[in-house]
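These notes concern the structure reproduced below.
Number of protein chains: 2
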Amino acid sequence: MPIERRPLREQIREELLSRLDRGDFAAGTDINEASLAADLGVSRTPLREALITLAGEGVLESTQGRGFRFAPVSRREFRELCEIVAALESLALDCSDPAHLRSIAPDLLKLAQDFPDNVAEQQIIERHDDEWHDLLLSGCRNERLLDLITSVKAGMRRYAHLIAGDDAPLEREAAEHRRIAEFLQADEPAKAAQALRDNWINGMERMMSRIP
Amino acid sequence: MPIERRPLREQIREELLSRLDRGDFAAGTDINEASLAADLGVSRTPLREALITLAGEGVLESTQGRGFRFAPVSRREFRELCEIVAALESLALDCSDPAHLRSIAPDLLKLAQDFPDNVAEQQIIERHDDEWHDLLLSGCRNERLLDLITSVKAGMRRYAHLIAGDDAPLEREAAEHRRIAEFLQADEPAKAAQALRDNWINGMERMMSRIP
DNA sequence: ATGTAATATTTTGTATGCCGAATTCATAGT
DNA sequence: ACTATGAATTCGGCATACAAAATATTACAT
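So the sequences go chain by chain: P and S. If you read the first sequence in this note's numbering, its first letter stands for residue 96, the second for the next number, and so on. If you read the second sequence in this note's numbering, its first letter stands for residue 96, the second for the next number, and so on.
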């Protein structure tokens with residue numbers, strides 16, 4: 096087996112993102128590099144490198160002399176992010192091979208149907224949703240676009256833990272996923288792309304009330 | 096006057112990008128951190144921070160143990176970037192205040208007409224083109240989107256110096272800009288957005304032959 | 001008591017140093 | 001002559017050390 100050898104900065108970045116998912120960090124509060132580095136068991140150098148990448152992705156803010164802090168959440172920014180991801184994922188569908196889309200349609204349908212069954216834990220649901228979108232975009236031939244989508248979605252993880260509870264929206268989410276998959280199966284990619292954009296906009300509106 | 100106080104990493108990033116515009120760096124060749132740092136008169140630390148940022152924007156690549164290199168150019172990647180920027184700028188138009196768009200239309204028209212006059216120097220032309228697009232997007236209310244566009248365009252700077260020479264494409268570029276401005280003046284934002292997307296796709300095709 | 005100035009402390013930003021991995025060059029064996 | 005193996009060297013990754021800025025604290029004056 097090939098043993099894992101990746102830069103510390105990447106591992107740190109992922110650790111910070113997953114802590115973010117758990118809602119560990121209070122938005123807007125400053126990050127103390129020394130204490131966080133000690134907590135993670137690394138030195139400040141790779142930590143700062145991770146912080147800088149996260150700042151580039153919009154997860155963090157920084158100001159001269161005051162270091163980094165988790166960017167505060169806002170309805171406005173969440174709307175902006177959703178609009179962006181909607182456009183990007185829609186473009187990704189356009190860049191995909193229609194034949195491939197048809198071939199994955201059954202799996203997408205199946206995944207969408209499994210959705211409401213295991214509403215056990217929050218983390219599971221998010222994973223499930225990500226998995227669905229990843230599969231949807233798996234046929235996209237625009238590599239740069241996929242990277243970009245991943246990066247923008249990282250900026251949305253600050254909002255992830257706000258979804259907790261409330262099952263009703265999930266069923267609608269699943270219904271919309273089914274709808275998209277059906278369009279793909281029927282070989283109507285344009286309609287699927289439109290439904291995908293709608294899905295993001297609807298999901299945004301469902302979230303809005305939960306954001307301060 | 097408020098004296099400029101910005102992190103070194105940002106100044107370094109911009110210096111590297113402007114060197115890129117001048118075609119100073121051969122794509123694909125490895126970067127030697129120590130010598131580049133010495134050349135810039137800074138230490139490796141802020142240089143690496145700038146390199147990491149640029150890698151996040153797709154300007155550089157990095158592999159474990161081999162450090163950073165300027166990502167090689169390819170027709171494929173250039174097409175991918177153009178498709179992305181076309182979609183993003185189009186979205187930015189959608190997010191703009193129609194009234195504001197109408198109000199800047201005359202200026203956009205004027206700028207587009209000035210275009211072919213001063214074909215003196217390459218740098219001037221690029222600045223001019225950037226200025227036009229910046230003005231076009233100046234009414235966009237999606238801040239995150241504007242940042243993202245800036246970031247993606249940074250990744251396109253590797254292709255900038257390939258445009259040198261050849262005036263014919265520039266006139267077509269100017270004509271397309273005029274067309275977009277006219278749609279805005281006529282209060283037809285949807286058609287303007289379509290023309291903008293066409294502009295990027297056409298510009299891409301004009302460039303294609305120049306990329307190895 | 002409150003505001004301000006001077007100082008101390010904390011924390012970021014930058015520089016330097018060390019270690020290990022990766023590449024290169026040399027040498028030996030086929 | 002060519003490949004393979006090992007030594008030497010270069011270079012990136014990470015840690016540590018230092019410098020500068022910002023914040024907190026205290027003393028003093030009004």
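Cβ coordinates follow ideal geometry from the N, Cα and C atoms, glycine included.
Own chain, CB closer than 7 Å to residue i, minus 5 neighbours either side, in chain order
| i | result |
| --- | --- |
| P:Leu103 | Val137, Pro141 |
| P:Leu149 | Arg108, Leu111, Leu155 |
| P:Glu152 | Ser246, Ala249, Gly250 |
| S:Ile296 | Cys177, Ala181 |
| S:His195 | Gly234 |
| S:Phe120 | Arg114, Phe165 |
| P:Leu135 | Ile107, Glu110, Leu142 |
Beta bridge counterpart(s) of residue i as assigned by DSSP
| i | result |
| --- | --- |
| P:Glu156 | P:Arg164 |
| P:Asp125 | P:Arg164 |
| S:Cys177 | Answer is none; S:Cys177 lacks a bridge partner. |
Of the residues the options, the one placed nearest residue i, counting alpha carbons only
| i | options | result |
| --- | --- | --- |
| S:Arg222 | S:Ser191, S:Arg236, S:Ala255, S:Lys205 | S:Ala255 |
| P:Arg252 | P:Gln106, P:Arg101, P:Arg100, P:Gly118 | P:Gly118 |
| S:Asn300 | S:Glu156, S:Leu291, S:Pro264 | Correcting the residue type first, residue 300 of chain S is Glu in the shown sequence and not Asn. That would be S:Pro264, whose Cα lies nearest to the Cα of S:Glu300. |
| S:Glu175 | P:Trp295, P:Phe278, P:Leu240 | P:Leu240 |
| P:Leu206 | P:Glu268, P:Pro284, P:Arg108, P:Ala287 | P:Glu268 |
| S:Ala129 | S:Gly123, S:Val154, S:Glu152, S:Phe163 | S:Phe163 |
| S:Leu186 | S:Leu204, S:Leu291, S:Gln208 | S:Leu291 |
| P:Asp282 | P:Ala249, P:Asp293, P:Pro193, P:Glu266 | P:Pro193 |
| P:Glu238 | S:Ile220, S:Ala285, S:Asp189, S:Glu178 | S:Glu178 |
| S:Val180 | S:Asp225, S:Asp116, S:Leu196, S:Ile126 | S:Asp225 |
| S:Asp82 | S:Arg197, S:Gln159, S:Trp227, S:His195 | It is not possible to answer for residue 82 of chain S, since the shown part of chain S is limited to 96 through 307. |
| S:Ser113 | S:Gln218, S:Gly298, S:Asp242, S:Gln289 | S:Gln218 |
| P:Arg197 | P:Ala287, P:Ser157, P:Gly160, P:Ile147 | P:Ala287 |
| P:Gln289 | P:Leu188, P:Pro201, P:Glu105, P:Ala259 | P:Leu188 |
| P:Arg101 | S:Thr124, S:Ser157, S:Asn127 | S:Ser157 |
| S:Met303 | S:Arg171, S:Gly160, S:Glu266 | S:Arg171 |
Opening and closing residue of the alpha helix (DSSP H) in which residue i lies
| i | result |
| --- | --- |
| S:Arg292 | 284-303 |
| P:Val247 | 238-251 |
| S:Pro141 | 139-151 |
| P:Leu112 | 103-116 |
Simplified DSSP assignment, three categories, for residue i
| i | result |
| --- | --- |
| P:Ser191 | strand |
| S:Pro264 | helix |
| S:Pro307 | coil |
| S:Pro97 | Here S:Pro97 scores only 49 on pLDDT, less than 50, and its place in the model should not be relied on; the value that follows carries that caveat. Coil at S:Pro97, not helix or strand. |
Close beta carbons around residue i, own chain, < 6 Å, minus the five adjacent residues each side
| i | result |
| --- | --- |
| P:Leu183 | Ile244 |
| S:Ser191 | Gly234, Cys235 |
| S:Asn294 | Glu271 |
| P:Ala285 | none |
| P:Gly298 | none |
| S:Pro201 | none |
Close Cβ partners of residue i (< 8 Å) along its chain, the five nearest in sequence each way excluded
| i | result |
| --- | --- |
| P:Ala132 | Ser138, Arg139, Leu142 |
| P:Ile365 | No information on residue 365 of chain P is available, as it lies outside the stretch 96 to 307 that chain P covers here. |
| P:Glu204 | According to the sequence displayed, residue 204 of chain P carries Leu and not Glu. Excluding sequence neighbours, P:Leu204 sits near Arg273, Ala276, Glu277, Gln280. |
| S:Val168 | Ala122, Arg253, Tyr254, Leu257, Ile306, Pro307 |
| S:Met96 | The pLDDT assigned to S:Met96 is 47, lower than 50, so where the model puts this residue is not dependable, and the model offers no usable value. |
| S:Glu105 | Ala145 |
| S:Asp116 | Gln218, Glu221, Arg252, Ala255, His256 |
| P:Asp125 | Arg161, Gly162, Phe163, Arg164 |
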